[in-house]
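Protein chains in written order, with the numbering used here: chain V, 1 to 217; chain D, 1 to 104.
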């Protein structure tokens, strides 16, 4: 296991993407939005020092990402005549950047799949105990939702031959993954709720599968 | 400016930092800050601002190009009108030239 110098960007297609495709390819049969938003593609990019540089990196790679998304859903030959701008890309996709990476392959290039470990809302309730008696902090945590919690959630780069391999893998390795996930929330892990077995882990955290990790670094 | 319960978000973040500095929950400060300010949203907003600026300058270039094209069209139209107005004279001149050149 190794912590990386990369950022993983997960792209979630929006309804605009579907409208964009139907406008560009009126004769093409398109998948529905629910299917488009399932198993979103992950892209590995070079880690950047600040947000400006991160936007530069996204701008540098948006064409490749956009083309891959079109090819993934419609096949590799249709995207050629489609023209798009950086603004189109930003309207068609919501991106989530994950810098908390656990690499469980010999190198990042060898990783082609990814798991994202996201805290569930029940975790938030337990997390309240760690924020102390401050009314302000308690109010902030009360108002937070699952998407706030899931931002920059830990991603595990690991290849699987079949979906049924994931559960045994997580049973064996949930502890280092959990440690990474907790360390992004709190510098003193001991003050957080105890997760002492795999059952507790699955109660507090959901594991999302991304079957495509594309390298653009 | 983003507000949180009628208070400026940046002030809340500062407040959280101060509370945690005094030892109440110092270990969770970054995470609580994340709950207040979405980094992904900030990044998305930053990228969108840049993309909009690019689109704006592209539009300005296109408008300039269209203006130039319209100007050229107007000049061509004026030239055509002038040529049309003096067509009789031009024809007369060319007839005159031809008659001068033809062997008598």
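We treat Cβ as the ideally placed atom computed from N, Cα and C, and that holds for glycine. In this text, all values refer to a predicted model and were calculated from it rather than measured experimentally.
- In this structure, residue 112 of chain V and residue 8 of chain V do not form a Cβ contact; the two beta carbons are roughly 13 Å apart against a cut-off of 8 Å.
- Approximately 15 Å separates the beta-carbon atoms of residue 96 of chain V and residue 214 of chain V; this is outside 8 Å, ruling out the contact.
- Taking a cut-off of 8 Å on C-beta distances, the stretch 145-153 of chain V touches the stretch 30-41 of chain D, as three or more cross pairs fall below it.
- At a Cβ-Cβ threshold of 9 Å, residue 176 of chain V and residue 153 of chain V do not count as neighbours.
- Residue environment for residue 75 of chain D: exposed (fewer than 16 other C-beta atoms within 10 angstroms of its C-beta).
- Straight through space, the alpha carbons of residue 69 of chain D and residue 92 of chain D are spaced by roughly 34 Å.
- For residue 12 of chain V, the secondary structure class from DSSP, reduced to helix, strand or coil, is strand.
- Residue pairing by DSSP puts residue 6 of chain V in a beta bridge opposite V/46.
- Under DSSP, residue 210 of chain V forms a beta bridge with V/114.
- Using a Cβ-Cβ cut-off of 9 Å, residue 152 of chain V counts as an interface residue toward chain D, since at least one Cβ of chain D sits closer than that to its own.
- The alpha carbon of residue 52 of chain V has as its nearest neighbour, out of D/59, D/66, D/86 and D/42, the alpha carbon of D/42.
- When only Cα atoms are considered, residue 24 of chain V and residue 18 of chain V end up about 10 Å apart.
- The beta-carbon of residue 74 of chain D is placed no less than 9 Å from the nearest beta-carbon of chain V.
- For a cut-off of 8 Å, the C-beta gap from residue 14 of chain V to residue 94 of chain V is around 6 Å, short enough to register as a contact.
- Closest in alpha carbon position to residue 192 of chain V, among V/126, V/121 and V/63, is V/126.
- Boundaries of the alpha helix (DSSP H) around residue 76 of chain D: 39-85.
- In this structure, DSSP gives residue 195 of chain V a state outside helix and strand, which the three-state scheme calls coil.
- In the same chain as residue 66 of chain V, and ignoring 5 residues on each side of it, the C-beta atoms closer than 7 Å to its own belong to 84 and 89, in chain order.
- Residue 148 of chain V sits in a helix when the DSSP states are folded into three classes.
- Sequence-ordered contacts of the stretch 38-57 of chain D with chain V read 38, 39, 40, 42, 43, 44, 46, 47, 48, 50, 51, 52, 54 and 55 [C-beta pairs closer than 8 Å].
- In the displayed model, residue 30 of chain V falls within coil according to three-state DSSP, outside both helix and strand.
- Annotation for residue 53 of chain V: the continuous alpha helix (DSSP H) segment containing it runs 51-74.
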